[in-house]
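Since the structure comes first, as structure tokens, the remarks are kept for the end.
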Amino acid sequence: MGVTLESDTESNMNEGQTLAKEPLSTLSAVPSPTLLASSPGLPPNPPDSTSEQGSKTKSVLRDLRKVSTQRIHRSERIFQGTLLVGGLFVLALFATVLGVSLVEAWPSITKFGWSFLWTSTWNPHRHIFGAWTYIVGTFWVTGIALLFAIPIAILSSLFLSDYSPKWLVGAVSTLMEMLAGIPSIVFGAFGIIFMVPLLRDQVEPFLANTLGRHWDFFNGDAMGYGILAAGLVVGIMVIPLVATVTRDSLVMVPRETVEASYALGSTKAEMVFFVKLPAVVPGIIGSVILGFGRAIGETMAVLLLIGNQASIPTSIQDVGYTISSLLANTFTYAVIDPLYSAAEIELGLILLVISLVVNTLGRELLMKLMGGRLAGSVGGG
Amino acid sequence: MAENVLPEKGLSLYRKVRNALLGALTAVAFVLAVTPLLAIIYVAYDRGKAALSLSFLTTLPGGFPVGIEGGIANGIVGSLILIVIASLLSVPVGVWAGLYLWDQSHTPLAKATRLLSDLLLGVPSVIWGVVGFYVFSTNTGYGFHWGFSGLAAGLTLGFIMIPIVTRVTEQALRDVPRSYIEGALALGASRFQVVRGLAIPAAITGIGTGILLGVLNVLGQTAPLIFTNYYNTGIPKNLVGSNGSVGDLAMQIFIYIHEPSKGLHVKAMAAALVLTLIVLLLDMGIRLLAWGSRKYAQRMG
Amino acid sequence: MEPESPAFPVPKIEVKNFSAFYGKTQALHNVDFTIYERKITAMIGPSGCGKSTFLRSLNRMNDFFLDFRVEGSATLDGEEIYGPAVNPVLIRQRVGMVFQKPNPFQKSIFENVAYGLRIQGVKSRSVLSDIVEKSLKAAALWDEVKDRLNGSAFSLSGGQQQRLCIARALAVEPEVILLDEPASALDPISTARIEELMQDLKDRYTIAIVTHNMQQAARVSDRTAFFLDGTLVEVNDTTKIFTNPEDPRTEDYITGRFG
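Chains as they are written, first to last, in the numbering used here: chain A, 1 to 381; chain B, 1001 to 1301; chain C, 2001 to 2259.
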């Protein structure tokens, strides 16, 4: 439970007990036994430099004790109050985030009401704003990212926990965690330099010629930019997070469970996939939720790759717009017009609420599973 | 019971094949997971190497479009300025709040603070940008009216760091053995004396780790800068007002890669490599620190 | 074990109708109990019987559990330990404590012993070194560490660390020393040294010890209290408890374990 330093000691009292009227500090010092019976070589003590050195030491301490009684009592109060201010800073910061978002979004909230959510028109000139296009775009990118990332992340965490040679595990796990820290702008630049040409010249024509013959969903103009590029790059960013958290829950599967499975004649794969994997489903859900939280707020990589067009995608090759990329791209123009900026901030508020809910869910779930410790994983945009 | 319910001894071919395939599948997935991450570093090096040199780190951008010549000195200096400002805000506040959460950990107010601090960890970076804009940058309404400036951006990044430092500080203090604290209390130490003289010294590596973790998290932040600072091709003389913007590595990459210029793309990739290496080195430092503090904790029993 | 029937035993800590709670769980039920000055009082009983809770209640170390509360009276020299104006910090300066596991600070041997004095504002180096020396001598550790006072406390063996913790407690001149299973983490030889040390200290201090080892209680203590399920079953002279207990439960416990 950590160190619980409860402050209000008086509150521990109960009516039932006899209450002393005098504080202990005022007790006349009962000549208490002391080990300082004789102490040679003491510094001269101001008032009564008598012959008895021992009692001098004792009185030094007694005097100090009387003084410090007062001091400790007061400083304790001040100390508690001072610490509280530190906590209040954090509360104030949260209030600022929520307050600024709410206040600045208010004109849009009052003007459009709930219909803001499902209106797909976004016309700054005619002052009609609706979130639907951007909500859909955001979920497309997040969805593609997770569809790509989850299987790879879970399977590779199984590889790390059960299949890889021991010497590889430590190094590779560390490497993965470190690569998870690469800033998203670097992922975005990589996407433009490498992913976009790859998708444009290879993957998208291939998709159109195979699956696209049967489903329009896979057809398109093969531009490279679009929800697929954004989704895949965000997916790459999310893999280390999901894999790391999943692995952390995999190593917590009790050894007995594993041995019980082997003792019944399981092959290794049967143990891993039919015993171990089901045992960590809550952990996997938690890691996926955290991955979702990371993906949905992702800004820079998406901004560079999605194409930034306010249309609802109908094909995987389409371009689109997400809430975060819209804000990063146009907010500095929007601030000139109060309603325009309010509408953008209301979009931001939607994103904020989703992120807060999702992150809270993921954290609560994983905290329960892992006893309170969780690697700090923050979205870097 | 029917006779011969059990299959014959030994593994059926199906089970053998399945065992091998599933194992192979995990290996393939692992390769798929790691390759793109390594590819990012390789691509940055491969496409950026033409621009890499020592002078790339020490010269300011020049030429037209701006940046086609010169290097990223403005970005390196600017990023440093931002990190220093962010730390000046977040380290005292975060450590302070972490102490509060540890000391009064079970009071309802502390529980609420912990929850909200955790929620702040999940705030998307664009939202931080919007908040920073209204609190520091905008020239109308409430706020500080500092314009697009290094101070505005640095403090916004400081906001992002606060909950990270808070949580890691609290955790580091919790890792100080309870017996250690009780030993001091039983000698009649006040809690202030315990905190200053024992708890903080014992948790100092953990707290340092938290600070570096916070720095790591804001180092590559780009979105908040779009709202509060934007970019500067030079090194600013002041950090507030209309000429107060600073350069920044991440913004530099963003601006260069956005331009339809092959030359700037080369510079962007070189800068991306530099930023990535800084981040990885910092990460390595954090791991060493954490490793060190674990050793330390073991020694304390 | 010297059953010196005390002519005038002076009560040091008197506990009357004392109950303790962690939230809704009652850990101690109406304990009546006196600890006499300059005697060693041992508390025995199975794990979870409340003996440690009781001991920690005597210097308010349980205050740090948020939902801990007490009812009834516990007095130190006639003053309420849980009185409204009482500063628990001061109680702990008068009632020292040594814990189950040695818990030296990450400081030098010298600074460990000096810590309690430093926090009370003693700055003079000569006063400090004087008291440190005396305390280490009183804890029978001086000869072993006098040449390396600036060495780390963690360089000491477990038994030495525990004696260091005792020296640390002695340095602040407590009147009572509470020992919470002080030898449970130590080897037999270190345990014997701690027990010897207790005999030396009892001339000058009031000592209360919680132990799960009944032989230890029998060896070192003057009086023994037997706790069971949060109640004080029996308290009496140690010889009486171990030879002729009044309560059948005490007898069961004593004979059942070490028959």
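All residues carry an ideal CB built from backbone N, CA and C; glycine is no exception.
Source: prediction; values computed, not measured.
Which residues does DSSP list as the beta-bridge partners of E2236(C)? In the third sequence, the residue the question calls residue 2236(C) occupies position 236. Before going further, note that residue 2236(C) is Asn rather than Glu in the sequence given. BP columns for N2236(C) point to T2224(C).
Short CB-CB distance (under 9 Å) between A1202(B) and chain A: By one-based count along the second sequence, residue 1202(B) stands at place 202. Answer no: the Cβ-Cβ gap between A1202(B) and chain A never drops below 9 Å.
If you drop the 5 nearest sequence neighbours on each side, which residues of the same chain put their C-beta closer than 7 Å to that of V1091(B)? Here residue 1091(B) refers to the residue found at position 91 when the second sequence is read from its first residue. Residues V1165 and I1211 of the same chain have their beta carbon placed closer than 7 Å to that of V1091(B), with the five preceding and five following residues left out of the count.
At what residues does the beta strand (DSSP E) containing R2060(C) begin and finish? As a working note, residue 2060(C) is residue 60 in the third sequence. Careful: R2060(C) lies outside any beta strand (DSSP E) and carries neither H nor E.
Residues in the same chain with beta-carbon distance under 6 Å from A2114(C), minus the five sequence neighbours each way, listed in chain order, please. Residue mapping note: residue 2114(C) aligns to position 114 of the third sequence, counting from 1. Apart from sequence neighbours up to five positions away, the residues of its chain that approach A2114(C) with a beta-carbon distance below 6 Å are L2128 and V2132, ordered along the chain.
Pick helix, strand or coil for L1102(B), following the three-state DSSP scheme. Translated into the one-based positions of the second sequence, residue 1102(B) becomes position 102. This sequence places Trp at residue 1102(B); Leu is not what is there. Assignment of W1102(B) by DSSP, reduced to helix, strand and coil, places it in the helix class.
If you draw a straight line from the alpha carbon of L1288(B) to that of S173(A), how long is it in whole angstroms? Position 288 of the second sequence, counting from 1, holds the residue named residue 1288(B). Position 173 of the first sequence, counting from 1, holds the residue named residue 173(A). The straight-line gap from Cα to Cα measures roughly 15 Å.
Within 9 Å, strictly: CB atoms of V280(A) and T246(A): Locating residue 280(A) in the first sequence gives position 280, where the first residue counts as 1. Locating residue 246(A) in the first sequence gives position 246, where the first residue counts as 1. Yes. Within cutoff.
So who's on the other strand from T1113(B), going by DSSP bridges? Walking along the second sequence from the start, residue 1113(B) turns up at place 113. DSSP, once it has assigned bridges, lists no residue as partnering T1113(B).
Less than 8 Å between the CB atoms is what I'm expecting for L228(A) and I350(A), so what's the real figure, rounded? Counted from its first residue, the first sequence places residue 228(A) at position 228. Counted from its first residue, the first sequence places residue 350(A) at position 350. Actually they do not touch by this definition, with Cβ atoms about 24 Å apart.
Does any CB atom of chain B fall closer than 9 Å to the CB of P278(A)? On the first sequence, position 278 is the one that residue 278(A) refers to. For P278(A), the answer is no, since every Cβ of chain B falls outside 9 Å of its Cβ.
Rounded to the nearest angstrom, how far is the Cβ of A1073(B) from that of T1059(B), given a contact under 8 Å? Locating residue 1073(B) in the second sequence gives position 73, counting from the first residue. Locating residue 1059(B) in the second sequence gives position 59, counting from the first residue. The Cβ separation is near 6 Å, so the contact holds.
Should A964(B) be flagged as near chain C, meaning a C-beta pair shorter than 9 Å? One cannot answer for residue 964(B) here, as it falls past the ends of chain B, which runs 1001 to 1301.
Is L1115(B) close to chain C, meaning its C-beta is less than 9 Å from at least one C-beta of that chain? As a position in the second sequence, residue 1115(B) is number 115, starting the count at 1. For L1115(B), the answer is no, since every Cβ of chain C falls outside 9 Å of its Cβ.
Tell me the residue span of the alpha helix (DSSP H) that contains I227(A). As a working note, residue 227(A) is residue 227 in the first sequence. DSSP places I227(A) in the uninterrupted alpha helix (DSSP H) bounded by I227 to L250.
Using a Cβ cut-off of 7 Å, which residues of the region 2095-2110 of chain C contact any Cβ in chain B, in chain order? Within the region 2095-2110 of chain C, the qualifying residues are G2096, M2097, F2099, K2101, N2103, F2105 and Q2106.
Residues of chain B with a CB under 8 Å from the CB of P151(A): which are they? Walking along the first sequence from the start, residue 151(A) turns up at place 151. In chain order: A1029.
Can we count S2052(C) as close to the ligand GTP, meaning its CB is less than 8 Å from some heavy atom? Among the ligands in the structure shown, none appear at all, so the ligand GTP cannot be discussed.
Proximal residues to I2254(C) (C-beta, below 7 Å), its chain only, five neighbours per side dropped: The residue labelled residue 2254(C) in the question sits at position 254 within the third sequence. These residues qualify, in order along the chain: M2214, F2242 and P2245.
9 Å is my cut-off, CB to CB: does E22(A) come that close to chain B? Residue 22(A) sits at position 22 when you count from the first residue of the first sequence. For E22(A), the pLDDT reaches just 33, beneath the cut-off of 50, and the residue's location in the model is therefore unreliable, although a value from the coordinates is still provided. No, because no Cβ of chain B sits closer than 9 Å to the Cβ of E22(A).
Rank E346(A), F274(A) and S324(A) by C-alpha distance to the C-alpha of S261(A) and give the top, closest one. Taking the first sequence and counting its residues from 1, the one referred to as residue 261(A) is at position 261. If we check each option's Cα against that of S261(A), F274(A) comes out closest.
Run through DSSP, which three-state label would Q2199(C) get? Within the third sequence, residue 2199(C) is the residue found at index 199, counting from 1. Helix at Q2199(C).
Go through its chain and collect everything with a Cβ distance to V2145(C)'s Cβ below 6 Å, but skip five positions before and after it. Within the third sequence, the letter at position 145 stands for residue 2145(C). Correct list, in chain order: I2109.
Just to confirm, is the Cβ distance from F2034(C) to E2014(C) under 9 Å? Locating residue 2034(C) in the third sequence gives position 34, counting from the first residue. Locating residue 2014(C) in the third sequence gives position 14, counting from the first residue. Looking at the sequence itself, residue 2034(C) is Thr, so the reference to Phe does not match. Against a cut-off of 9 Å, the Cβ pair of E2014(C) and T2034(C) comes out as a contact.
Minimum C-alpha distance to I2119(C) - residue among V2220(C), A2171(C), A2020(C) and S2184(C): Mapped onto the third sequence, residue 2119(C) falls at position 119. Per the Cα distances, A2171(C).
In angstroms, rounded to a whole number, what distance separates the CA positions of I109(A) and W118(A)? Along the first sequence, one-based indexing puts residue 109(A) at 109. Along the first sequence, one-based indexing puts residue 118(A) at 118. Those two C-alpha atoms are separated by around 13 Å.
Would you mind giving the Cβ-Cβ distance between L1275(B) and G1220(B), rounded to the nearest angstrom? I have them listed as a contact below 8 Å. Reading the second sequence from its first residue, position 275 is the one you call residue 1275(B). Reading the second sequence from its first residue, position 220 is the one you call residue 1220(B). About 6 Å; that satisfies the 8 Å criterion.
Status (buried if at least 16 other CB within 10 Å, exposed otherwise) for D2187(C): On the third sequence, residue 2187(C) is found 187 positions in, with the first residue counted as 1. Counting Cβ neighbours within 10 Å, D2187(C) comes out exposed, since fewer than 16 surround it.
Quick check: the region 1090-1109 of chain B against the region 1251-1264 of chain B, are at least 3 beta-carbon pairs closer than 8 Å? A contact is defined here as three or more CB-CB pairs under 8 Å, and the region 1251-1264 of chain B fails this definition with respect to the region 1090-1109 of chain B.
According to DSSP, is M2097(C) helix, strand or coil? Taking the first residue of the third sequence as 1, we reach residue 2097(C) at position 97. Under the three-state reduction of DSSP, M2097(C) is assigned to strand.
Determine which residues share a DSSP beta bridge with K2016(C) and list them. To locate residue 2016(C), count along the third sequence from 1; it is residue 16. According to DSSP, which records beta bridges pairwise, K2016(C) is partnered with S2073(C).
Quick one: Cα of L1021(B) to Cα of A263(A), how far? Here residue 1021(B) refers to the residue found at position 21 of the second sequence. Here residue 263(A) refers to the residue found at position 263 of the first sequence. Whole-angstrom Cα-Cα distance: 22 Å.
How big is the Cα-Cα spacing for L179(A) and I1040(B)? Here residue 179(A) is taken as the residue at index 179 of the first sequence, counted from 1. Here residue 1040(B) is taken as the residue at index 40 of the second sequence, counted from 1. Approximately 10 Å between the Cα atoms of the pair.
Could you work out which residues of chain B lie near I2119(C), taking near to mean beta carbons separated by less than 9 Å? Locating residue 2119(C) in the third sequence gives position 119, where the first residue counts as 1. Going along chain B in sequence order, the residues near I2119(C) (Cβ under 9 Å) are A1184, L1187, G1188, A1189, S1190, Q1193, V1194 and G1197.
Please list, in chain order, the chain B residues whose beta carbon lies closer than 7 Å to that of V2172(C). By 1-based counting over the third sequence, the position of residue 2172(C) is 172. Residues of chain B passing the Cβ test: L1187 and G1188.
Have a look at T2191(C), H2029(C) and R2092(C) and flag the residue whose alpha-carbon is nearest the alpha-carbon of E2071(C). Translated into the one-based positions of the third sequence, residue 2071(C) becomes position 71. Checked all of T2191(C), H2029(C) and R2092(C); the closest Cα to E2071(C) is H2029(C).
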